[in-house]
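Top to bottom, those sequences are chains G and W.
For the first sequence, position 39 (counting from the first letter as 1) is numbered 357 according to this note's numbering, and the numbering increases by one without interruption.
For the second sequence, position 29 (counting from the first letter as 1) is numbered 32 according to this note's numbering, and the numbering increases by one without interruption.
Single-structure report; data block below.
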Amino acid sequence: MTRVQIDLADLALDRGATVLLRARLATCAPGSEVSVHGVAPALAAHLAAWCRKEGHGFAPAADAGAPSKVVGLLRVGQAHAARWHDAERAGGAAGNGVVSKPKPTWGLAARGAIVEAGAPSFSFALDDQDEVWSDNVGQIYRAAAASQWDPETAIPWNAPRTHPAFVEDALVQVLTYLIENETAALLVPARFCAQVHPHFREVMQVLAIQAADEARHIEAITRRALLARDCLGSSTVGGQASLQTLVEEPDFVMASFLLSVLGEGSFLSLLAFLQTHAPDDCTREIMRLIAIDEARHVAFGVAHLQRHAQRDATLTSRLRAAIERRHAALRHTAGLNAEVFDALVLLAAGSLEPTAIERGHAAVEELQRQMDSGRQSRLKKLGFPEHDAQQLSSLHTRNFM
Amino acid sequence: MTDTLILGAVAYDAKVVTIWDGFQKWLAQRGLAFDYVLYSNYERQVEQHFAGAFHVAWNSPLAWLQAQRIAARQGRVARAVAMRDTDMDLTSLVIVREESPLRTIEDLRGKTLGVGAMDSPQATMIPLQHFAAHGLVAERDFAVRRFDVLVGKHGDHVGGERDAAKALMRGEVDATCMIDGNHLVFTGEGTLPRGRTRVLTQTGRYDHCNFTVLDGAPDRLVTRFVELLLSMRYDDPVARPLLDLEGLKQWRVGRTSGYAQLDAGCARFGWIDDFVNAVAAR
């Protein structure tokens with residue numbers, strides 16, 4: 319058998335020779351002998367020390383050094399092969415390499431990586447594919463990454479504002495309400511993002527970018543609210559109580575249902591309403607951009623719950639219970655505060671004339687009908703029969719989110 | 004307590020607790036009750052070993068020689084039962100600056116040698132014996148500047164070697180001593196600039212730590228302890244972190260053939276005579 323030779327030339331161990339040695343030795347079977355050549359100063363002493371640490375044998379050549387350049391004979395040890403003895407591949411890197419129940423010891427390893435045995439166990443509560451996965455989640459993430467917008471340049475902050483002061487006041491009240499709701503929509507995915515097993519990396523990425531979307535929404539809405547006013551509008555007990563039930567929902571599936579499918583779903587109608595009745599181009603553009611992001615959030619929520627429902631016949635009854643539980647918890651609260659309702663009417667009216675107010679009022683009633691219709695349509699997509707969808711939609715929080 | 008094997012070890016670093024806690028758990032899972040006592044220095048450990056405070060000592064090479072000599076004086080027997088693969092066949096290097104005029108051992112005459120802690124086998128004692136064997140006696144033929152860090156820990160703490168290396172680059176000493184692997188460590192971490200130092204001389208090979216037992220130790224427990232150590236495999240993911248922490252790939256049966264240089268140095272310079280006399284007389 320030909321003995322393997324490694325020629326280090328004048329490369330010293332503290333200048334990278336260990337990299338060359340490791341790369342070459344990785345291809346040698348334990349027990350095989352490797353003749354090492356090189357002329358770097360102190361190479362034999364360094365090789366002896368390095369081999370001892372790495373678990374290789376080393377016998378320095380009697381005539382080490384020039385002109386023979388043979389430094390010694392290295393016998394490949396067991397340690398490298400032993401380290402990877404029970405290693406396993408953590409699924410496959412592509413979307414179809416996802417496993418239904420990734421191991422806790424795969425931890426933070428990239429999906430598809432070889433994981434050394436003996437890694438610590440991580441406690442990721444969301445480690446079941448059925449609970450989190452949707453087949454289009456990778457596509458949703460890529461769409462989200464491609465649609466990120468910079469509030470600084472994407473929004474016409476200097477667009478003319480010619481509307482009356484009372485409309486601006488109404489707008490600031492609606493924007494104050496939106497900030498509160500967007501904060502809830504940031505906290506929910508942020509909290510669950512840290513609980514998803516990183517094996518489901520696309521889900522983790524989607525939740526992370528959702529949180530980032532909401533952070534940007536909060537920034538843009540706040541900036542618009544302060545364009546012409548020094549302070550924001552009011553926050554009510556009923557509004558906060560409604561959002562608290564959402565933020566504190568401990569179950570990802572339920573939280574995702576309440577937030578994305580019902581809450582953000584209803585917000586899609588609200589954002590369309592605000593686009594139509596925005597008093598200036600700046601506000602209109604903010605609402606348009608936010609609506610694009612929210613539509614993605616809703617798409618992911620519907621998609622992973624749809625997949626889940628196909629695999630778990632008990633899911634729809636659990637979702638029903640979640641709506642009913644939340645409805646019961648909020649039964650004695652005021653729901654949508656009067657300030658927000660009135661502000662929406664005034665925005666749609668644009669004038670304090672009675673006929674304009676009547677028109678505005680009708681527009682808000684139409685908004686509520688659209689929200690209800692949208693919720694029913696999404697509930698039906700999840701497998702609820704028409705009658706149930708109607709009934710459950712009517713139980714959704716009057717605070718919209 | 005004879006159902007529990009008790010180990011004595013020196014706490015040269017906080018990780019020592021992690022190491023022996025890990026071994027305690029690993030050995031217990033295999034049916035061996037094990038506990039450990041930590042000492043701040045090897046002399047106290049050797050003294051307490053002879054006082055019967057524990058059964059097995061995790062000894063430095065110098066502590067091994069201390070134990071061996073005290074045992075011989077008392078008509079007892081000390082044995083080295085196991086050691087790490089990385090404890091075998093070490094060498095120490097004497098390093099000079101690249102531009103130094105020192106080319107041979109003889110060139111050290113009249114110069115200053117930097118060494119580690121006074122009780123460091125690898126950074127002080129074995130190199131001084133190496134020079135003596137070549138006819139150059141410390142403090143007669145050349146000056147010695149000691150970098151005493153944590154005396155009593157027999158050089159397990161690398162601080163003395165590192166301080167001596169820094170002194171070399173500051174020009175305060177003409178040459179300095181270190182274990183072979185530490186030359187790579189010091190150039191890697193930047194204590195010694197790469198390519199700016201060279202090896203003046205290299206000692207012969209020697210061995211480092213071992214598990215020492217004295218006659219009268221509970222045979223059954225010691226035998227089981229050694230069997231279990233030798234069974235630890237690097238491909239076992241439970242054992243591997245412990246082996247990594249303790250810095251080895253495989254435990255080996257103990258041998259005592261690798262302590263001749265240190266033994267000769269102790270005989271020549273009388274480094275441990277007072278301690279051996281004091282403990283042997285008790």
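We treat Cβ as the ideally placed atom computed from N, Cα and C, and that holds for glycine.
Candidates the options: which alpha carbon is nearest residue i's?
i       : options                               : result
F618(G) : N414(G), A344(G), D453(G) and R687(G) : D453(G)
V283(W) : R72(W), E101(W) and G34(W)            : Correcting the residue identity first, residue 283(W) is Ala in this sequence and not Val. The option with the nearest alpha carbon to A283(W) is R72(W).
I536(G) : C369(G), T494(G) and L564(G)          : T494(G)
C511(G) : V579(G), V322(G), P672(G) and F570(G) : F570(G)
L607(G) : G413(G), V555(G) and P474(G)          : P474(G)
V152(W) : L111(W), R76(W) and A120(W)           : A120(W)
A327(G) : R534(G), L664(G), V357(G) and M522(G) : V357(G)
F442(G) : A463(G), N655(G) and K419(G)          : K419(G)
F1(W)   : Q69(W), V40(W), L68(W) and Y45(W)     : Because chain W is modelled from 4 through 285, residue 1(W) falls outside the range shown and cannot be assessed.
R541(G) : E612(G), N476(G) and V416(G)          : N476(G)
L361(G) : R340(G), E372(G) and R333(G)          : R333(G)
P359(G) : V99(W), L233(W), F134(W) and H211(W)  : V99(W)
A17(W)  : D38(W), S234(W) and Y42(W)            : Y42(W)
L588(G) : E500(G), L648(G), N414(G) and V388(G) : E500(G)
A408(G) : I432(G), L392(G) and A647(G)          : I432(G)
Grab the span of the alpha helix (DSSP H) containing residue i for me, first residue to last.
i       : result
P64(W)  : P64 to R76
H705(G) : E704 to L713
May I ask which residues mark the beginning and end of the beta strand (DSSP E) holding residue i?
i       : result
M181(W) : A178 to I182
I324(G) : V322 to D325
E109(W) : That residue, E109(W), is in no beta strand (DSSP E); it is neither H nor E in DSSP.
I98(W)  : S95 to R100
A81(W)  : A81 to R87
W254(W) : W254 to V256
Would a C-beta distance cut-off of 7 Å place residue i and residue j closer than the cut-off?
i       : j       : result
T179(W) : G117(W) : yes
A667(G) : A674(G) : yes
G395(G) : P378(G) : no
G257(W) : N213(W) : yes
P348(G) : A399(G) : yes
F150(W) : G158(W) : no
R208(W) : T94(W)  : yes
G456(G) : E520(G) : yes
L96(W)  : V202(W) : yes
Q528(G) : H626(G) : no
L343(G) : A335(G) : no
D690(G) : S711(G) : yes
L577(G) : V506(G) : yes
L637(G) : F718(G) : no
D583(G) : G692(G) : Inspection of the sequence shows that residue 583(G) is occupied by Gly rather than by Asp. Contact: yes.
I275(W) : Q69(W)  : yes
A707(G) : K698(G) : yes
Does any C-beta atom of chain W lie closer than 7 Å to the C-beta of residue i?
i       : result
P359(G) : yes
A435(G) : yes
L331(G) : yes
A559(G) : no
G375(G) : no
R370(G) : yes
H398(G) : no
T427(G) : In the sequence as presented, Thr is not what sits at residue 427(G); that position holds Ala. Cβ-Cβ to chain W under 7 Å: no for A427(G).
A367(G) : yes
Counting contacts by CB-CB distance shorter than 7 Å, is residue i in contact with chain G?
i       : result
Y237(W) : yes
D183(W) : yes
T21(W)  : no
K1(W)   : The first residue shown for chain W is 4 and the last is 285, placing residue 1(W) beyond what the model contains.
P240(W) : yes
Q205(W) : yes
G191(W) : yes
L187(W) : yes
Take residue i and list the residues in its own chain whose beta-carbon comes closer than 8 Å to its own, dropping the five residues that flank it on each side.
i       : result
C346(G) : V322, V352 and V394
L35(W)  : L8, L224, R227, F228 and L231
P438(G) : T423 and G425
A461(G) : R614
G113(W) : D144 and F145
P130(W) : S95, V97, L116, V118, C180 and T206
A472(G) : E603 and L607
Enumerate in chain order the residues of its own chain whose CB-to-CB distance from residue i is below 6 Å, with the five nearest sequence positions on each side excluded.
i       : result
R165(W) : T194
R76(W)  : A283
M572(G) : A640
H595(G) : L665 and A666
H679(G) : V663
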